[in-house]
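Asker: I'd like to ask you about the structure that follows.
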Amino acid sequence: MQALRIGFGEDSHRLAPGRRLVLGGVSIPDAPRGADAHSDGDVLIHALADAVLSSFALGDIGAHFPDSDPAFDDMDSTPILQGALDMVRTVARSARLTQVVAVVTLDEPKLGKHRDAIAGTVADLVGLPTDRVGLTFKTSEGLAPDHVQARVVVSWDGAG
Ligand code: C5P
Ligand code: MG
126 MQALRIGFGE DSHRLAPGRR LVLGGVSIPD APRGADAHSD GDVLIHALAD AVLSSFALGD
186 IGAHFPDSDP AFDDMDSTPI LQGALDMVRT VARSARLTQV VAVVTLDEPK LGKHRDAIAG
246 TVADLVGLPT DRVGLTFKTS EGLAPDHVQA RVVVSWDGAG
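The numbers in this note's numbering rise by one with no breaks, and the one at position 120 of the sequence shown is 245.
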């Protein structure tokens, strides 16, 4: 078996007024609206956690961290990511995460000025240098103005 693995995850939320927009553990100060969600609605962390789980066929975050659980109300989503990483450590002790690449689709605000903060926070959360966290930002070109979406691919080495 090859020692390389990849995982893929996706998450979306509707944007609603009066909510914070949290992406990769960073609260975006100039966002006019945020994710209408049960937890903090951090689509980047949710997609990343699903990518981590999918790498080792460990199911998805809904199976392990049900959003019906009141413990997750408006909560910081980063423990979900830590839980997913812990599950991988249990099944594949020698596996090392080597890269995180993400595409975030959001019409407003432009996120480029927050790239370093988001990449730095995600890198710290997963234990990677920032040059292994690639973030691409896209608008929907007005096709989905009420939508925030993240798609994430992760790669691993030493998982054989
Ligand atoms: O979606 P579009 O191709 O028009 O985006 C153009 C550029 O705008 C992207 O390459 C990215 O640099 C930037 N962008 C951004 N924040 C967003 C959407 C796009 O910084 N929310
Ligand atoms: Mg374009």
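Just so it is clear, CB atoms sit at the ideal spot from N, CA and C, and this is done for glycine as well.
Every value quoted in this text rests on a predicted model; they were computed, and no experiment measured them.
Thinking C-alpha only, which one of T264, D241, E233 is nearest T255?
Answerer: Working through the sequence shown from its first residue, we reach residue 255 at position 130. If we check each option's Cα against that of T255, D241 comes out closest.
Asker: Pull up the CB-CB distance for L222 and V258, whole angstroms please, since I reckon it's below 8 Å.
Answerer: For the purposes of this step, residue 222 is taken as the residue at position 97 of the sequence shown. For the purposes of this step, residue 258 is taken as the residue at position 133 of the sequence shown. The pair is not a contact, with the Cβ atoms about 10 Å apart (cut-off 8 Å).
Asker: Let me have the residue list for ligand 1: C-beta closer than 5 Å to any non-hydrogen atom, ordered along the chain.
Answerer: Counting every residue whose Cβ lies closer than 5 Å to a heavy atom of ligand 1, we get L231, K235, L236, G237, F262, K263, T264.
Asker: Please say whether V279 and A287 have beta carbons closer to each other than 8 Å?
Answerer: The question about residue 287 has no answer, for the chain in this structure spans 126 to 285.
Asker: Once the 5 residues before and after T261 are set aside, which same chain residues still bring their CB inside 8 Å of it?
Answerer: The count along the sequence shown starts at 1 and reaches residue 261 at position 136. So the list reads V226, A227, V228, V229, once near-sequence residues are dropped.
Asker: By Cβ distance below 7 Å, which residues in the same chain neighbour E233 in space, the five residues on each side in sequence not counted?
Answerer: The residue given as residue 233 occupies position 108 in the sequence shown. Correct list, in chain order: P157.
Asker: Rounded to a whole number of angstroms, what is the C-alpha to C-alpha distance between L148 and S137?
Answerer: The count along the sequence shown starts at 1 and reaches residue 148 at position 23. The count along the sequence shown starts at 1 and reaches residue 137 at position 12. Taking the straight line from one Cα to the other gives about 12 Å.
Asker: Consult DSSP for R130 and reduce its assignment to one of helix, strand or coil.
Answerer: Residue mapping note: residue 130 aligns to position 5 of the sequence shown, counting from 1. Here R130 sits in strand by DSSP.
Asker: V273 and L140: beta carbons closer than 8 Å?
Answerer: Counted from its first residue, the sequence shown places residue 273 at position 148. Counted from its first residue, the sequence shown places residue 140 at position 15. In this structure, L140 lies closer than 8 Å to V273 by Cβ.
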